[in-house]
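Note sheet for the following structure.
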Amino acid sequence: MTFIQAPRLKAWDQATLIKWFREWQQYITKIEHRCSMTGELYGNKVATVKGCIDPEVLTIMAGEAGGRYHGLGAHGGNQ
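Mapping to UniProt numbering: the sequence shown position 55 is 55, numbers consecutive.
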């Protein structure tokens, strides 16, 4: 039985995201097929998305999300 490696997201630009998403879909298909053939539990075999993202990219993502929601703390935004 061969090891199925999840794709790594190593950059946060549009072209890289599109390529990674296509590779992620292929990875999921391979894991689903393997589990259907072996009886292994899907949840025990599939990687998490967060686990496939390089720490530097996670930092960028968190920074962008923080900037987008800046000022929507306890007293801001829709209440």
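Where a beta carbon is used, it is the ideal one built from N, C-alpha and C, also for glycine.
Counted as a single uninterrupted DSSP element, the stretch harbouring F3 is not any alpha helix (DSSP H), since DSSP gives it neither H nor E. Between I4 and K30, the C-beta spacing is below 8 Å. Straight-line spacing of the CA atoms in Y27 and P7 works out to 7 Å. In its chain, beyond the 5 residues on either side, P7 have a beta carbon closer than 6 Å to the beta carbon of E23.
Between the C-alpha atoms of E56 and K10 there is a straight-line separation of about 8 Å. The criterion of a C-beta distance shorter than 8 Å is not satisfied by K19 and R34.
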